[in-house]
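Number of protein chains: 2
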Amino acid sequence: MIPLVVVTHGGLAKELVHTVQIIVGTQPALFSVCLEEREGIEDLQRKLLAVLPAPGSDPDGALLLVDMFGGTPSNVSLALSQSRPLRVITGVNLPMLLEALTHRAESTLSALAELVSEKGRRSVFDANELLDRKGNREEGGCGR
Amino acid sequence: MIPLVVVTHGGLAKELVHTVQIIVGTQPALFSVCLEEREGIEDLQRKLLAVLPAPGSDPDGALLLVDMFGGTPSNVSLALSQSRPLRVITGVNLPMLLEALTHRAESTLSALAELVSEKGRRSVFDANELLDRKGNREEGGCGR
């Protein structure tokens, strides 16, 4: 089972992990790492290393879900991924975390990274537009 | 300026709003509404109505950013959007909230809904793949 680590500014990672566990129950190998207001790169790196699998362990990889590309959580995660089998996906949201939990037992790290990215992009849409289109179809519409 | 409301399960909304304010400072007309563990549809509806603009006020619309399509936060938001000028975008993440804050002063509600959805989808990607492609280009690559 691939370990999952949510890495963000502030308490966002902790709350994402807490919220997903309200929905699907407590999960093993699911971690949050938060960059608090007065912390820097070294603090975050230390906290991340404390939850990542030790090199040579099985599995030794992990999927890191970070809040946004270019921020310290993303930069520190990417730096660590140069020397360890980690994949870093940006823009974490709740559907991505649910997707990762659902498929991590039977996926390779690469396949999971692709599934989770794809799910993230598909999970973002204008719900009013979706309902309008659905309503038009159900009324029979006029072929538009 | 278009009001923004983040609506989620658990404390996720509160933490998204807190985190974005660490990054860009305190913002007016930015609200979080959280569905706590023992709360139901009516609790959430009441909390949402408490922060939404009163009908007939200026502006009377708002952009609602919800955690995922099909959950109670999304369902309650969509139900309210049938009788008020609200737009509901699913899959909220930090880049979407930053985008909404950046553009809400000069956008219409429809334009903002589109900008924020588009930003959400673009913000989710495999950062290792991006760096690999960039690395290949910078090395001159071999045209692949």
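First to last, the protein sequences are chains G and V. If you want my numbering, it's the 1-based position in the first sequence plus 340. If you want my numbering, it's the 1-based position in the second sequence plus 340. Beta carbons: idealized from backbone N, C-alpha and C, even for Gly. This structure is a prediction, so every number in the text was calculated from the model and none was measured.
Selected residue, minimal CA-CA separation from residue i, among the options
i, options, result
"SER372 (chain V)", "V:GLY380, V:VAL357 and V:ASP383", "V:VAL357"
"PRO368 (chain G)", "G:LEU470, G:GLU454 and G:VAL391", "G:VAL391"
"VAL464 (chain G)", "V:LYS354, V:GLN361 and V:GLU454", "V:GLU454"
"GLU469 (chain G)", "V:GLY460, V:ILE429, V:LEU438 and V:ASN468", "V:ILE429"
"SER414 (chain G)", "G:ILE381, G:THR359 and G:GLN361", "G:ILE381"
"SER397 (chain V)", "V:ILE362, V:VAL360, V:PRO425 and V:LEU437", "V:PRO425"
"CYS374 (chain G)", "G:LEU420, G:ALA353, G:SER423 and G:ILE362", "G:ALA353"
Spatial distance of residue i from residue j (CA atoms)
i, j, result
"LEU452 (chain G)", "PRO435 (chain G)", "14 Å"
"ARG477 (chain G)", "LEU384 (chain G)", "50 Å"
"ASP472 (chain V)", "ASP400 (chain G)", "21 Å"
"GLY483 (chain G)", "GLU379 (chain G)", "Confidence at GLY483 (chain G) is low in this model, with a pLDDT of 43, below 50, so the placement of that residue is unreliable and no value is reported for it."
"VAL406 (chain V)", "ARG444 (chain G)", "25 Å"
"LYS387 (chain G)", "GLY410 (chain G)", "19 Å"
"SER450 (chain V)", "GLY475 (chain V)", "38 Å"
"GLY481 (chain G)", "MET408 (chain V)", "Its pLDDT being 47, under 50, GLY481 (chain G) is placed unreliably in this model, and the value from its coordinates should be taken loosely. If you take the alpha carbons of GLY481 (chain G) and MET408 (chain V), they lie about 28 Å apart."
"GLU439 (chain G)", "THR366 (chain G)", "15 Å"
"LYS459 (chain V)", "GLU458 (chain G)", "15 Å"
"SER423 (chain V)", "LEU389 (chain V)", "12 Å"
"LEU420 (chain V)", "LEU370 (chain V)", "18 Å"
"LEU404 (chain V)", "GLN361 (chain V)", "17 Å"
"LEU437 (chain V)", "LEU437 (chain G)", "18 Å"
Residue i vs residue j beta-carbon contact at 8 Å
i, j, result
"VAL456 (chain G)", "ASN433 (chain V)", "no"
"ALA402 (chain G)", "ILE342 (chain G)", "yes"
"LEU441 (chain G)", "VAL364 (chain G)", "yes"
"VAL347 (chain G)", "SER417 (chain G)", "yes"
"GLU355 (chain G)", "GLY351 (chain V)", "yes"
"ARG427 (chain G)", "ASP466 (chain V)", "yes"
"HIS349 (chain V)", "THR412 (chain G)", "no"
Contacts of residue i in chain B (Cβ-Cβ under 9 Å)
i, result
"GLY460 (chain V)", "Within the model displayed, chain B is absent; protein chains G and V are what it includes."
Whole alpha helix (DSSP H) elements within the stretch 420 to 474 of chain G, 4-residue minimum | Qualifying alpha helix (DSSP H) stretches, in chain order: 434 to 443 and 449 to 462.
Could you please tell me which residues of the stretch 431 to 448 of chain V, in chain order, have their CB closer than 8 Å to any CB of chain G?
-> The residues in question are GLY431, VAL432, ASN433, LEU434, PRO435, MET436 and LEU438.
Listed in chain order, which residues of the stretch 413 to 431 of chain V have Cβ atoms closer than 7 Å to some Cβ of chain G?
-> Against chain G - using a Cβ distance shorter than 7 Å - the residues of the stretch 413 to 431 of chain V are SER414, LEU418, SER421, ARG427, VAL428, ILE429, THR430 and GLY431.
Between the stretch 341 to 363 of chain V and chain G, which residues of the former have a C-beta closer than 8 Å to a C-beta of the latter?
-> Taking 8 Å as the Cβ-Cβ cut-off against chain G, the residues of the stretch 341 to 363 of chain V that qualify are THR348, HIS349, GLY350, GLY351, LEU352, LYS354, GLU355, LEU356, HIS358, THR359, ILE362 and ILE363.
What are the start and end residues of each continuous beta strand (DSSP E) run of 3 or more residues lying completely inside the stretch 381 to 421 of chain V, in chain order?
-> Here the runs fully enclosed are 402 to 406.
Under 7 Å (Cβ pairs) to chain V, residues found in the stretch 368 to 383 of chain G = Correct list: GLU377.
Interfacial residues, the stretch 399 to 414 of chain V to chain G, with Cβ spacing under 7 Å = Flagged, chain order: ASP407, MET408, PHE409 and SER414.
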